[in-house]
Amino acid sequence: MICYLGKLHRRGGQAGRLHVVCIVGRNNSGKSTLLRAYELAQGSEKFDLSRDRFAQAPDDQPSEVILQIHIPEGIGNISEEWKEERDDLRILTSRWQWWPQHVGDGKLFPIRQTHRPGQDAFRLGE
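Residues in the sequence shown are numbered consecutively from 66, following the working numbering.
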């Protein structure tokens, strides 16, 4: 789910369990923003307030990326307590938020949270 990032607002996208993911869409439909959201969440790029913030986003709402990733059993760096079992998958859900008030040198610093199964799921903007 992506919210208040680039040209996207409360639109969701899902990628299935494929070895290759193709992102296809009309011009200005959010293809590049989807890739940018992934870069921002992974930390390979910093959030630039003038480039990345959705222009009509309310000041009291963060720009946000929520990623759900399958982590196979036995991967040692993620404890099982953080994985939610769905069918034959073990899903880790993390959220990154960029609030306008957390700015330094024109770059926003993210707040990252990981959902613990059994607790309420993340809701956009909270």
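Glycine is no exception: its CB is placed at the ideal position from the N, C-alpha and C atoms.
Query, Result
"Please classify E146 as buried or exposed, where buried requires at least 16 other C-beta atoms within 10 Å of its C-beta.", "exposed"
"Locate the beta strand (DSSP E) running through E129, then write down its first and last residues.", "128-135"
"For Q121 and T158, which I take to be in contact (beta-carbon distance under 8 Å), what is that distance rounded to the nearest angstrom?", "Between T158 and Q121 the Cβ distance is about 27 Å, and since that is not below 8 Å, they are no contact."
"On the DSSP bridge list, what partners appear for R155?", "E150"
"To which residues of the same chain is E154 closer than 7 Å at the C-beta, ignoring the five residues directly before and after it?", "Sequence inspection shows Leu at residue 154; the Glu mentioned does not correspond to that position. Correct list, in chain order: H135."
"Using a Cβ-Cβ cut-off of 6 Å (strictly less than) and excluding sequence neighbours within five positions of R181, which residues of its own chain qualify?", "none"
"Could you tell me the distance, in whole angstroms, from the CA atom of V89 to the CA atom of D117?", "21 Å"
"Would you tell me roughly how many angstroms separate the C-alpha atoms of N93 and L99, rounded to the nearest one?", "11 Å"
"By alpha-carbon positions, which one of E138, E150, Q184, Q107 ends up nearest to Q162?", "Q107"
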